[in-house]
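Worksheet: the structure to be examined is printed underneath.
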């Protein structure tokens, strides 16, 4: 385990190695005390475990004064199991930049450490991996091999069923319009919650390009050659998206609460326009254009499959979604941020891995859309067929 810290932030370390003093690892971190540490050691190593001493390594203070530390505040534990005395180092990771903003980021790094330390010759051994609960109690996760989540059950039908019906020639009904408006207004509602964090906005743009689930992960998943889709074409898309990242990185005021994977399969409609959403992904905060493009590119895809262009009911829904969203939010700037997010979603739906049955003509239209949207300073919802042409 590591501790990522701002070296300018003060850390409190009370006492040197001590048998009874409380230690605050870092501002905002749990407080270590002898009872909590000893309970943890006994749960992990047996009831005979007894904590002898513990303290922050290096530059300890016996007066409780604030001290500044560098890139980590490891705590040395000395304890007895039976008649044998052992020493170990308890390490944590502080929230901060460089991809450590979220609890899941820190958990990922710490779990990786525990899993990998023992496989490198001469590396110190990881004795355990654990966590703090809400009452600052320590508990072990050493038994874990894979993680799971238990979610609430929700009744409903995937929104994709509505698009399938329209693609098969079904008529556009009032309920179709109502549902599209409801989805756009939902995004307007959640995007109204803002966060001031310029570094996090830059991180989300960085992840859009380089994350394994995003643009570079997708381009790497394409076969060596798939008709007209060559490595040169994919590299050109990547490079254009990275230029967009530099264009957008100073728009941090746009950082908003997002869903992160807002597409038809993650929306369950019950009756009328009432719905629940599933499987938010990749972060609680992001660029609103991510959610808007994730949904609206599916109107384009369904229309390309059924009609060869954006027209009929899908054009109505596409335009309605954009108009409703912009009217509800007043966010006209979203058309200036949408391009790399449309590229990301376009790479998904054009992928032979995820959509193996698409014709090459449809893939070509999608790549033209990607390239042309990346090539203009502002996305215009009225020009979609021109972009695809």
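In the numbering used here, the protein residues as written are 58 to 446.
Just so you know, even glycine gets a beta-carbon here, dropped at the ideal spot from N, CA and C.
Could you give the DSSP three-state label for residue i: helix, strand or coil?
i           : result
residue 146 : strand
residue 183 : coil
residue 200 : coil
residue 356 : helix
residue 235 : helix
residue 441 : helix
residue 285 : coil
residue 129 : Unreliable placement is indicated for residue 129, whose pLDDT of 49 sits below 50; the coordinate value is still reported in the next sentence. Here residue 129 sits in coil by DSSP.
residue 303 : helix
residue 135 : strand
residue 379 : helix
residue 171 : helix
residue 328 : coil
residue 18  : Coverage of the chain is limited to positions 58 through 446, which leaves residue 18 absent and any answer about it impossible.
residue 141 : strand
residue 258 : helix
residue 157 : strand
residue 205 : coil
residue 423 : helix
residue 108 : strand
Out of curiosity, what's the CA-to-CA distance linking residue i and residue j?
i           : j           : result
residue 448 : residue 356 : Given a span of 58 to 446 for the chain in the structure shown, any question on residue 448 remains unanswerable.
residue 352 : residue 318 : 9 Å
residue 255 : residue 381 : 28 Å
residue 137 : residue 276 : 54 Å
residue 170 : residue 267 : 22 Å
residue 449 : residue 164 : What is shown of the chain runs 58 to 446, which leaves residue 449 out entirely.
residue 278 : residue 111 : 49 Å
residue 338 : residue 141 : 47 Å
residue 3   : residue 354 : Nothing can be reported for residue 3: it is not among the residues displayed for the chain, which extend from 58 to 446.
residue 105 : residue 174 : 27 Å
residue 168 : residue 309 : 31 Å
residue 295 : residue 139 : 59 Å
residue 416 : residue 410 : 13 Å
residue 177 : residue 183 : 11 Å
residue 372 : residue 379 : 11 Å
residue 286 : residue 404 : 11 Å
residue 387 : residue 414 : 39 Å
residue 439 : residue 383 : 14 Å
Just checking my contact of residue i with residue j at CB under 8 Å: how many whole Å lie between their CB atoms?
i           : j           : result
residue 342 : residue 313 : 7 Å
residue 214 : residue 374 : Incorrect: roughly 17 Å between the Cβ atoms, too far for contact.
residue 156 : residue 302 : 16 Å between Cβ atoms; not a contact.
residue 431 : residue 297 : 4 Å
CB residue i to CB residue j, shorter than 7 Å?
i           : j           : result
residue 108 : residue 91  : yes
residue 401 : residue 272 : yes
residue 306 : residue 262 : yes
residue 235 : residue 330 : yes
residue 370 : residue 223 : yes
residue 186 : residue 166 : no
residue 424 : residue 445 : no
residue 361 : residue 441 : no
residue 325 : residue 144 : no
residue 448 : residue 408 : A query on residue 448 cannot be resolved here, the shown segment of the chain reaching from 58 to 446 and no further.
residue 248 : residue 345 : yes
residue 101 : residue 197 : yes
residue 113 : residue 130 : yes
Any heavy atom of the ligand ADP within a distance shorter than 6 Å of the CB on residue i?
i           : result
residue 175 : With respect to small molecules bound, the structure shown includes none, and the ligand ADP cannot be examined in it.
Evaluate the contact criterion for the segment 334-347 versus the segment 239-254: three or more CB pairs, one atom per stretch, below 8 Å.
yes
Three or more C-beta pairs closer than 8 Å, one from the segment 287-300 and one from the segment 183-202: is that the case here?
no
Three CB pairs or more closer than 8 Å across the segment 385-393 and the segment 420-437
yes
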